[in-house]
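Enquirer: Residue numbers (the numbering used here), protein chains in the order written: chain A, 25 to 254; chain B, 25 to 254. Ideal Cβ positions, reconstructed from N, Cα and C, are used throughout, including at glycine. Just so we're clear, the structure is a prediction, and the values are computed from it rather than from any experiment.
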DNA sequence: ACCTGAACACCGTTCAAGT
DNA sequence: ACCTGAACACCGTTCAAGT
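#1: My understanding is that residue 185 (chain A) touches residue 228 (chain B), with C-beta atoms under 8 Å, so please give their C-beta distance in whole angstroms.
#2: Looking at residue 85 (chain A): is its Cβ nearer than 8 Å to the Cβ of residue 143 (chain A)?
#3: Going straight from the alpha carbon of residue 139 (chain B) to that of residue 130 (chain A), what length do you get?
#4: With a threshold of 8 Å between beta-carbons, can residue 202 (chain B) be considered close to chain A, or not?
#5: Under the three-state reduction of DSSP, which class applies to residue 177 (chain B): helix, strand or coil?
#6: Between residue 244 (chain B) and residue 192 (chain B), what straight-line distance do the alpha-carbon atoms span, to the nearest angstrom?
#7: Measure the CB-CB distance between residue 284 (chain B) and residue 206 (chain B) and report whether it falls below 8 Å.
#8: For chain A, is any of its Cβ atoms less than 8 Å away from the one on residue 194 (chain B)?
#9: Along the alpha helix (DSSP H) that carries residue 85 (chain B), what are the first and last residues, could you check?
#10: Output the distance between the C-alpha atoms of residue 40 (chain A) and residue 199 (chain A), rounded to the nearest integer angstrom.
#11: For residue 5 (chain B), which residues in chain A fall below 9 Å Cβ to Cβ?
#12: Could you pull out every residue in the same chain whose Cβ sits closer than 6 Å to the Cβ of residue 42 (chain A), ignoring the five residues on either side in sequence?
#13: For residue 57 (chain B), which residues in chain A fall below 7 Å Cβ to Cβ?
#14: Does the region 115-128 of chain A come close enough to the region 161-171 of chain A to have 3 or more Cβ pairs within less than 8 Å?
#15: Tell me which residues share the same chain as residue 104 (chain B) and place their Cβ nearer than 8 Å to its Cβ, disregarding the 5 neighbours each side in the sequence.
#16: Could you give the DSSP three-state label for residue 229 (chain B): helix, strand or coil?
#17: With burial defined as no fewer than 16 other Cβ atoms inside 10 Å of the residue's Cβ, what is the status of residue 156 (chain A): buried or exposed?
#18: Assign residue 183 (chain A) to one of three DSSP states: helix, strand, or coil.
#19: Leaving out five residues on either side along the sequence, give the residues of the same chain with a beta carbon under 6 Å from the beta carbon of residue 189 (chain A).
#20: Is residue 53 (chain A) helix, strand or coil by DSSP?
#21: For residue 225 (chain B), which residues in chain A fall below 7 Å Cβ to Cβ?
#22: Can you have a look at residue 166 (chain A) and say buried or exposed, based on whether 16 or more other CB atoms are within 10 angstroms of its CB?
#23: Throw me the rounded Cβ distance for the residue 145 (chain B) and residue 53 (chain B) pair, which I believe falls under 8 Å.
#24: How far does the alpha helix (DSSP H) with residue 138 (chain B) in it reach, from first residue to last?
#25: Look at the alpha carbon of residue 73 (chain B) and the alpha carbon of residue 92 (chain B), and state the distance between them as a whole number of angstroms.
#26: Counting C-beta neighbours from all protein chains within 10 Å, is the total for residue 78 (chain B) 16 or more, i.e. buried, or is it exposed?
#27: By a C-beta neighbour count over all protein chains shown, 10 Å radius and 16 as the cutoff for buried, is residue 208 (chain A) buried or exposed?
#28: Is there a Cβ of chain A sitting closer than 8 Å to that of residue 185 (chain B), yes or no?
#29: Is there a C-beta anywhere in chain B that falls below 8 Å from the one on residue 156 (chain A)?
#30: By the criterion of Cβ-Cβ separation under 8 Å, what are the contact partners of residue 122 (chain B) in chain A?
#31: Along the chain, where does the alpha helix (DSSP H) that runs through residue 2 (chain A) open and close?
#32: Within 10 angstroms of its Cβ, does residue 27 (chain A) collect 16 or more other Cβ (buried), or is it exposed?
#33: Given residue 35 (chain B), which residues of its chain have a CB within under 6 Å of its CB, disregarding the five upstream and five downstream residues?
#34: Going along chain A in order, which residues have a C-beta closer than 7 Å to the C-beta of residue 62 (chain B)?
#35: Label residue 46 (chain A) either buried or exposed according to how many other C-beta atoms from any shown protein chain fall within 10 Å of its C-beta, with 16 as the threshold for buried.
#36: Pull up the CB-CB distance for residue 67 (chain B) and residue 76 (chain B), whole angstroms please, since I reckon it's below 8 Å.
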């Protein structure tokens, strides 16, 4: 958001260079890997000199952050659309959010990698990015809070639960992009995503163990009524 | 593994240059970020010319792969030690594996990032890395298979379950390194890790919902007896 | 067999200069 | 106000040459 502070001044020969550089970066990511995304390559793609980007971005990381922010905004839209589409059951809705997330990662792998790449390790530098990525998390947290209100998810720290859900899908996405899961097969990854979210919803433990085992009862109680704040 | 094919020939002025370069790389990662790890910097640190590394590594990515392989080996040792230490209950053992994993990521953040970085996207190029990282996964898969044999974890695809567990802790580690979880506080991350693994073990659903809700029953059945292979 | 020195193309970034 | 041209330090990589 806040792409430009004031009105859009169609400066620069071809329009808005800041926008043009982000588009160029997305094009580079779309056809290559994250390593190909250099400031100079983006400038070339946009048809300007290597120094021109510095009028609009403090450094290379700032361009990367802008691209990542675009990515999070697109991911947010996908997730929300998917959630409102799947009105079968609340649980199903959360599951479809996860599937939409994984689909995004598989369709735009280089862009997804950049969204979580080391360039943005100190995220305080990029306020817009921080804000947009937080919206993705908020979507998950709201979904879980809604399930709690509906009595479908146990009481407890919705924040910790949402982080757990995010970690799960993000981890699956990364393992898939690394070729460690689903082997590049989108349908397989979607199945794995549904399985994983079901496991998170209903647990891996046998129903008998969850009820009778002495070692499980306290753990279960802790993860329920008073999940520790993180 | 297979650090050197034949006997260790103490060539190069200071010993074994291949080994020296890996040590240098680890030192660089230990005091800086992943961006500081360049071939030339590693060569400088090892006291050789910029071209010398090419006697031992095909390119920069090969050095990164060797460093990552070290990381996975160290992570494997930590996880296994932690699992054998926590002999309280099998579930507890799995939980302690997760905590050991998260602790490793927090203690060696740059190294952890390199282990999952984009440089190693095509992992087929680095057979040793592939093999060692697979051992980490196998440790999780064996732990879950053991829980299944003990009747503590429901029957189903142990491979999918292990991938789910790995995705969860890997996702938590990444979110923590990105400052999105636990805010740099190791103790908070350990709590979050225990909470998350408990949620995966016992589920987020209310016990009532898991048993009575009509929409959950088929889902539960699917995630249990015959989890789809991925 | 292993390393050095020099070189090439490329990158991030800066800065004076142009319009 | 925005962009160009030239420059600097740095990087990955190659290759002839040294020992």
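Expert: With the structure as the only source:
#1: Here the question's residue 185 (chain A) lines up with position 161 in the first chain. Here the question's residue 228 (chain B) lines up with position 204 in the second chain. About 6 Å; that satisfies the 8 Å criterion.
#2: Sequence index remark: in the first chain, residue 85 (chain A) carries index 61 (1-based). Sequence index remark: in the first chain, residue 143 (chain A) carries index 119 (1-based). Yes; because the gap between Cβ atoms is below 8 Å, this pair is in contact.
#3: As a working note, residue 139 (chain B) is residue 115 in the second chain. As a working note, residue 130 (chain A) is residue 106 in the first chain. Their backbone Cα atoms lie some 20 Å apart in a straight line.
#4: On the second chain, position 178 is the one that residue 202 (chain B) refers to. Closer than 8 Å to some Cβ of chain A, the Cβ of residue 202 (chain B) qualifies, so yes.
#5: Here residue 177 (chain B) refers to the residue found at position 153 of the second chain. In the structure shown, residue 177 (chain B) sits in a strand (DSSP, three-state: E or B).
#6: For this step, residue 244 (chain B) is matched to residue 220 along the second chain. For this step, residue 192 (chain B) is matched to residue 168 along the second chain. With a pLDDT of only 39 at residue 244 (chain B), under 50, the local geometry of the prediction cannot be trusted, and no value is derived from it.
#7: The structure shown has nothing for residue 284 (chain B), since chain B only spans 25 to 254.
#8: Against the second chain, residue 194 (chain B) aligns to sequence position 170. True, the Cβ-Cβ gap to chain A drops below 8 Å.
#9: Indexing the second chain from 1 puts residue 85 (chain B) at position 61. Run containing residue 85 (chain B): 84-109, per the alpha helix (DSSP H) assignment.
#10: Locating residue 40 (chain A) in the first chain gives position 16, where the first residue counts as 1. Locating residue 199 (chain A) in the first chain gives position 175, where the first residue counts as 1. Looking at the two C-alpha atoms, the distance is approximately 37 Å.
#11: No answer is possible for residue 5 (chain B): it lies beyond the span of chain B, which begins at 25 and ends at 254.
#12: As a working mapping, residue 42 (chain A) is identified with position 18 in the first chain. Taken in chain order, the residues that qualify are 80.
#13: As a first step, residue 57 (chain B) is located in the second chain; it is residue number 33 there, counting from the start. By Cβ distance, chain A contributes 142, 145.
#14: yes
#15: What you label residue 104 (chain B) is simply residue 80 of the second chain in a count that begins at 1. Result list for residue 104 (chain B): 163, in chain order.
#16: One-based indexing of the second chain puts residue 229 (chain B) at position 205. Looking at residue 229 (chain B) - three-state DSSP - the assignment turns out to be strand.
#17: Taking the first chain and counting its residues from 1, one reaches residue 156 (chain A) at position 132. Buried, by the Cβ-count rule.
#18: As a working note, residue 183 (chain A) is residue 159 in the first chain. Here residue 183 (chain A) sits in helix by DSSP.
#19: Looking up residue 189 (chain A) in the first chain gives position 165. Closer than 6 Å at Cβ, skipping near neighbours: 164.
#20: Taking the first chain and counting its residues from 1, the one referred to as residue 53 (chain A) is at position 29. Three-state DSSP puts residue 53 (chain A) in a helix.
#21: On the second chain, position 201 is the one that residue 225 (chain B) refers to. In chain order: 227, 228, 229.
#22: Against the first chain, residue 166 (chain A) aligns to sequence position 142. The residue in question, residue 166 (chain A), is exposed, as its Cβ has fewer than 16 Cβ neighbours within 10 Å.
#23: In the second chain, counting from the first residue as 1, residue 145 (chain B) sits at position 121. In the second chain, counting from the first residue as 1, residue 53 (chain B) sits at position 29. Rounded, the Cβ-Cβ distance is 19 Å, inconsistent with contact.
#24: Counted from its first residue, the second chain places residue 138 (chain B) at position 114. Segment 133-139, the alpha helix (DSSP H) holding residue 138 (chain B).
#25: Counted from its first residue, the second chain places residue 73 (chain B) at position 49. Counted from its first residue, the second chain places residue 92 (chain B) at position 68. One C-alpha to the other measures close to 23 Å.
#26: Along the second chain, read from residue 1 onward, the residue named residue 78 (chain B) stands at position 54. Residue 78 (chain B) should be labelled exposed.
#27: By 1-based counting over the first chain, the position of residue 208 (chain A) is 184. That one is exposed.
#28: As a position in the second chain, residue 185 (chain B) is number 161, starting the count at 1. Yes, contact with chain A.
#29: Here residue 156 (chain A) corresponds to residue number 132 of the first chain, with the count starting at 1. Not one chain B Cβ lies under 8 Å of residue 156 (chain A).
#30: Position 98 of the second chain, counting from 1, holds the residue named residue 122 (chain B). Within chain A, no residue comes near residue 122 (chain B); the closest Cβ sits about 11 Å away, beyond 8 Å.
#31: There is no way to answer for residue 2 (chain A), as the model of chain A reaches only from 25 to 254.
#32: Here residue 27 (chain A) refers to the residue found at position 3 of the first chain. The predicted model places residue 27 (chain A) with a pLDDT of 36, which falls under 50 and marks its position as unreliable; any figure quoted below should be read in that light. Residue 27 (chain A) should be labelled exposed.
#33: Numbered from 1 along the second chain, position 11 holds the residue referred to as residue 35 (chain B). Model confidence at residue 35 (chain B) stands at a pLDDT of 49, short of 50, so the residue's coordinates are unreliable; what they give is reported in the following sentence. Nothing listed; no residue qualifies.
#34: Locating residue 62 (chain B) in the second chain gives position 38, counting from the first residue. Within 7 Å Cβ-Cβ: nothing; residue 62 (chain B) doesn't reach chain A, min ~13 Å.
#35: By one-based count along the first chain, residue 46 (chain A) stands at place 22. The residue is buried, with at least 16 neighbouring Cβ atoms inside 10 Å.
#36: By one-based count along the second chain, residue 67 (chain B) stands at place 43. By one-based count along the second chain, residue 76 (chain B) stands at place 52. That pair is a contact at about 6 Å.
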